[in-house]
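Trainee: For the protein sequence lines, the chains are X and W, in the order given. Position 107 (the first sequence) corresponds to 107 in the numbering used here; numbering is contiguous. In the numbering used here, each residue carries its 1-based index in the second sequence increased by 1000. For glycine and all other residues, C-beta sits at the position ideal for the given N, C-alpha and C. What follows is a single structure, and I will ask about it in a moment.
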Amino acid sequence: MKRIIAQTRKELTQTFRDRLTLALALALPLAQMWLIGTAISLSVTDLRVVVQDMDQTPLSRRYAEVLRGSLTFEVVPLAADERPERALDTGDAHAAVVIPEHFERDLRRGAGVEVQWLLDGADANTATNMRNHANTITAAFNRQFAPEASRPAVVAKERFWFNPGNDEDQFVGPGIFAVGLALFPPLLAALAVSREGEQKTILQVYVSSISAFEYLLGKILAFLIIAAAEWSLTLLLAVLLFGLWFKGDPTPFLVSSFLFLFCSVAFGAMIGARIPDRAAAIQAIQNTCFLLSYLLSGFIFPVSNIPAGVRWVSYLIPARYYIEVARDTFVRGGGWAAVWYVPVALGALSAVYFASAWARMRHMQVEA
Amino acid sequence: MRLLAWLTDNRFWPLFMKELRQIKRNRKLVVMLIMPPTVNLVLLGFAMNSEVKNVQLGVVDESRTAESRELISAFVEGGAFQLAERFESGEALGRALSAGQLDGGLVVPQDYAQKRARGQTAEVQILVDSVNSNRAGIAAGYAARVVAALNAKLAAAGGGAAVSSRASDVARAGAEPRVAVLYNPGLRTSWFIVTGTIGILMVLIGSLVASASMVNEKESGTIEQLLMTPAGSTEIIAAKIAPIMLLLSADILLAVFVVRLVFDVPVRGSLMLLYFAGMLCVLAGIGIGTFIATFTRSQTQAQLMSFFVNPPVSMLSGATTPIEGMPYWLQQVSYVNPVRHFSTIARGVLLKGVGLDILYPNVLALTAFTLVIVGASVWRFRKQLS
């Protein structure tokens, strides 16, 4: 026990001497969370749409007016002799709406009128959203134009649960919180362990009385303390920036947080132990912790959309579980019943990663 | 003849050949050039999929009539929704939603069929788990479309049966949007993601390889030997950059080949333009890498420094999420991001099939950025060398 604490203290002293590492540990996660948290969003507003009104009647103008009233679109009129596709080609607009000739006349006669919507499909998600808006806006116009004629047989009243305003911050916030913490603690741990291998100071460890188990635990404990500091700062920023707060019982979150940080640091230690070359270890961490956590954890794109052949990889990524518990705690509030499996999975992964690091170090011998 | 003499009697070539030989021997570098474009493009293209399908729907049918079953099957038949489970009460449905087992719920009230029979408007409730707000919004849009389609069907059938004498009333239809999706009619998310990712990869690989090659010389102390040669510092840098560019230009073609083959991304415009823009992007990456290298003394430091640069460059570029989703000031900032311009060019050439006449502002901006960053790094490098 004494040896573990000594190892931890040595590690902390060493880390605090290196300013670049310290900046990486504390400042960068916060900066990254703030920047990426504000920048990443799939919900778009003020999309420019060109409206070509071939009819120029009160009703056709009313249609454009309804369009203008929606927050999603910013309406720009287009002269009748221009090609609406051109605005999409140049990227000046994301959609083009063509109101046909005789729009008002046909509507007054009670004949159906088709309004043409051309959408820029390059960004498929935005295009899907615009298509939904095209339907909503036209329905709103129909209600205004003839309330009695379009009384529907069925109306669906939708309610957004857990996130009534359908606010994207509530989605991105907990996600970036988890992804940010998935990168930096393991990076620091991997650097610290692989440095000893690279600079051969590991030999001093081998000849000392410390066992591999104590050595690893000491290192992990040191970076667990740094990770906990990072966790507190990040949590504070998440609360301030995204307005997150605990929706229900915070204990699953706290327990999972501890296990997640332990798991991340143990993973870093494992990489460091297996790759005694810092540059290569950074690469490995970047490819696993950042890329995989970013892509396969359900941070922006749902895990269920990943093809089954790749999806199993996501079960090995701690961030995938931690994101679920963060979303549950801050948004859904389902408590233990909803996320009981998260601490179990994180505990199991921690054991695997720690055992793997230990298996590599255990012999305390330089491999020939 | 004078050109030939200049080409052979030049200090650039021996240096260029030296770099090329060094790179050829570096097995790790070759892996670094081939693996990331292929693996990342495939992985990102498959994993980053925002398509909303198989929305797990829990149903509470308090009406239990033919009418309510008609409504439920209208939801399931559309393809977007999947009937996950039936619940006895709204509370049970709520519990399942809270536990995260469902994506949404449909509650058909007891008086649904009666209201329909009386010709009143019947109200049903749609609950959407909006933890993922984008998915929730799209799912709600699908639900609205299902209900609208059902209404249209009922209006057509019911109107005809009710009063056959007033034919004008029957046909009374409103405006209807006819939506045509250009460039990507199948609405495949992968087309958006991979066309953006090519730019990210070019800048990232360019900067990593360049900073590694520059720092390597510093770390092993061979930079002094280079300085002892009669070559000027500009020649040294040019000879370092040229072979990397040559190799990475092959990467552009590899990337286009991968997205064409794996994701069926079309090539509707000029590949030459894309290739040229890709070279600019690579050069921008090399500039960034060289710039980072001038601040660092070791590989490790250079790589850690790149953590400050690469994530913002790739995330704030509109390459994988829409630019319009970013706050206004960040949208303005993104104009200095080479990846943003390359993404626009890549989508323009591959998906839209437009040419230089439309894309020239992006090409110019990319050129300007590249010149500035390469100029700045050469300037800093020279200062350090002298």
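Pull up the DSSP beta-bridge partners for residue 1058 of chain W, would you.
Mentor: W:1085 and W:1105.
Trainee: Unbroken beta strand (DSSP E) runs of length 3 or more, entirely within the segment 94–171 of chain X: which are they?
Mentor: Complete beta strand (DSSP E) runs here, min 3: 95–99, 113–120 and 154–161.
Trainee: Within this structure, are the beta carbons of residue 357 of chain X and residue 280 of chain X separated by less than 8 Å?
Mentor: No, Cβ-Cβ distance for residue 357 of chain X and residue 280 of chain X is not below 8 Å.
Trainee: Consider the Cβ of residue 1164 of chain W: report whether some Cβ of chain X lies at a distance smaller than 8 Å.
Mentor: Reliability fails at residue 1164 of chain W, whose pLDDT of 32 lies under 50, so the model's placement of it is uncertain and the value that follows must be treated cautiously. Output row for residue 1164 of chain W: interface = no.
Trainee: In chain W, which residues lie with their C-beta within 8 Å of the C-beta of residue 76 of chain X?
Mentor: Per Cβ cutoff of 8 Å: no residues; residue 76 of chain X is ~15 Å from chain W at best.
Trainee: What are the residues in the segment 110–129 of chain X lying within 8 Å of chain W by C-beta distance?
Mentor: Listed in sequence order: 110, 111, 112, 113, 114, 115, 116, 117, 118, 119, 120, 121, 122, 123, 124, 125, 126, 127, 128 and 129.
Trainee: Listing by chain order, which chain W residues have their CB less than 9 Å from the CB of residue 7 of chain X?
Mentor: Chain W residues near residue 7 of chain X: none, gap ~22 Å exceeds 9 Å.
Trainee: Within 8 Å (strictly less), CB to CB, does residue 4 of chain X reach chain W?
Mentor: Answer no: the Cβ-Cβ gap between residue 4 of chain X and chain W never drops below 8 Å.
Trainee: Can you list, in chain order, the residues of its chain whose CB lies under 6 Å from that of residue 368 of chain X, leaving out five sequence neighbours each side?
Mentor: Note that residue 368 of chain X scores 47 on pLDDT, short of 50, meaning its location in the model is unreliable and no value can be drawn from it.
Trainee: Using alpha carbons as the reference points, say which of X:144, X:179, X:36 and X:181 lies closest to residue 1175 of chain W.
Mentor: Answer by Cα proximity: X:144.
Trainee: Which one of X:283, X:316, X:286 and X:284 has the shortest CA to CA distance from residue 297 of chain X?
Mentor: Looking at the Cα atoms, X:316 is the closest of the given residues.
Trainee: In three-state DSSP terms, what is residue 1366 of chain W?
Mentor: Helix at residue 1366 of chain W.
Trainee: Would residue 303 of chain X and residue 320 of chain X qualify as a contact pair, given that the criterion is a beta-carbon distance under 8 Å?
Mentor: Yes, the pair counts as a contact, with Cβ atoms nearer than the cut-off.
Trainee: From this set, W:1286, W:1150, W:1242 and W:1141, which residue's C-alpha is nearest residue 1200 of chain W's C-alpha?
Mentor: Per the Cα distances, W:1286.
Trainee: Go ahead and label residue 1257 of chain W buried or exposed: buried means 16 or more other beta carbons lie within 10 angstroms of its beta carbon, across all protein chains shown.
Mentor: Residue 1257 of chain W should be labelled exposed.
Trainee: What are the uninterrupted segments assigned as alpha helix (DSSP H) that are 4 or more residues long and contained completely in the segment 1331–1361 of chain W, given in chain order?
Mentor: For the segment 1331–1361 of chain W, whole alpha helix (DSSP H) runs of length 4 or above, ordered along the chain, are 1338–1347.
Trainee: Checking 8 Å against the spacing of the C-beta atoms, do residue 1032 of chain W and residue 295 of chain X come in under that value?
Mentor: The answer is no: Cβ separation not under 8 Å.
Trainee: Between the C-alpha atoms of residue 158 of chain X and residue 1127 of chain W, what's the straight-line distance to the nearest angstrom?
Mentor: Each residue's alpha carbon lies about 6 Å from the other.
Trainee: Assess, as a yes-or-no matter, whether the segment 1141–1157 of chain W is touched by the segment 1075–1082 of chain W under the definition of 3 or more beta carbon pairs within less than 8 Å.
Mentor: As far as the Cβ criterion goes, the segment 1075–1082 of chain W touches the segment 1141–1157 of chain W, which means the pair count is three or higher.
Trainee: Which term fits residue 1019 of chain W, buried or exposed, when burial requires 16 or more other beta carbons within 10 angstroms of its beta carbon?
Mentor: Residue 1019 of chain W comes out buried.
Trainee: Would residue 1133 of chain W count as contacting chain X if we go by Cβ distances under 8 Å?
Mentor: So yes, residue 1133 of chain W belongs to the interface.
Trainee: Have a look at residue 351 of chain X and residue 258 of chain X and give me their C-alpha separation to the nearest angstrom.
Mentor: Their Cα atoms are separated by approximately 14 Å.
Trainee: Spell out whether any CB of chain X is found under 8 Å from the CB atom of residue 1144 of chain W.
Mentor: By this cut-off, residue 1144 of chain W is an interface position.
Trainee: Given this structure, state the Cα-to-Cα distance separating residue 1099 of chain W from residue 178 of chain X, to the nearest angstrom.
Mentor: Taking the straight line from one Cα to the other gives about 20 Å.
Trainee: Step through the CB atoms of chain X and report whether any lies within less than 8 Å of the CB of residue 1354 of chain W.
Mentor: Chain X contact via Cβ: present.
Trainee: What residue does the beta strand (DSSP E) around residue 1128 of chain W start on, and which one ends it?
Mentor: Per DSSP, residue 1128 of chain W belongs to the beta strand (DSSP E) from 1122–1129.
Trainee: Distance, Cα to Cα, residue 216 of chain X vs residue 255 of chain X?
Mentor: Near 22 Å, if we compare the C-alpha coordinates of residue 255 of chain X and residue 216 of chain X.
Trainee: Out of W:1378, W:1061, W:1339 and W:1383, state which residue places its alpha-carbon closest to the alpha-carbon of residue 1367 of chain W.
Mentor: Checking every option, the nearest Cα to that of residue 1367 of chain W belongs to W:1339.
Trainee: In chain order, what residues of the same chain lie with their CB nearer than 8 Å to the CB of residue 46 of chain X, ignoring the 5 residues before and after it?
Mentor: Only 71, 72, 73 and 74 meet the Cβ criterion.
Trainee: Give the range of the beta strand (DSSP E) segment to which residue 78 of chain X is assigned.
Mentor: Segment 73–78, the beta strand (DSSP E) holding residue 78 of chain X.
Trainee: When Cβ atoms are compared, which residues of the segment 1353–1386 of chain W fall closer than 8 Å to chain X?
Mentor: So the list reads 1354 and 1358, given in the order they occur along the chain.
Trainee: With a cut-off of 8 Å, does the C-beta of residue 1049 of chain W fall near any C-beta of chain X?
Mentor: Yes, because at least one Cβ of chain X sits closer than 8 Å to the Cβ of residue 1049 of chain W.
Trainee: How many Å lie between residue 135 of chain X and residue 1177 of chain W at the Cα?
Mentor: So the alpha carbons of these two residues sit roughly 7 Å apart.
Trainee: Check the Cβ-Cβ distances between residue 1300 of chain W and every residue of chain X, and say whether any is below 8 Å.
Mentor: Closer than 8 Å: yes.
Trainee: Just the chain X side, please: which residues come within less than 7 Å of residue 1177 of chain W by C-beta, in chain order?
Mentor: Within chain X, the residues near residue 1177 of chain W are 115, 117, 134, 135 and 138.
Trainee: Which residues mark the beginning and the end of the beta strand (DSSP E) in which residue 53 of chain X is found?
Mentor: Element bounds for residue 53 of chain X: 47–53.
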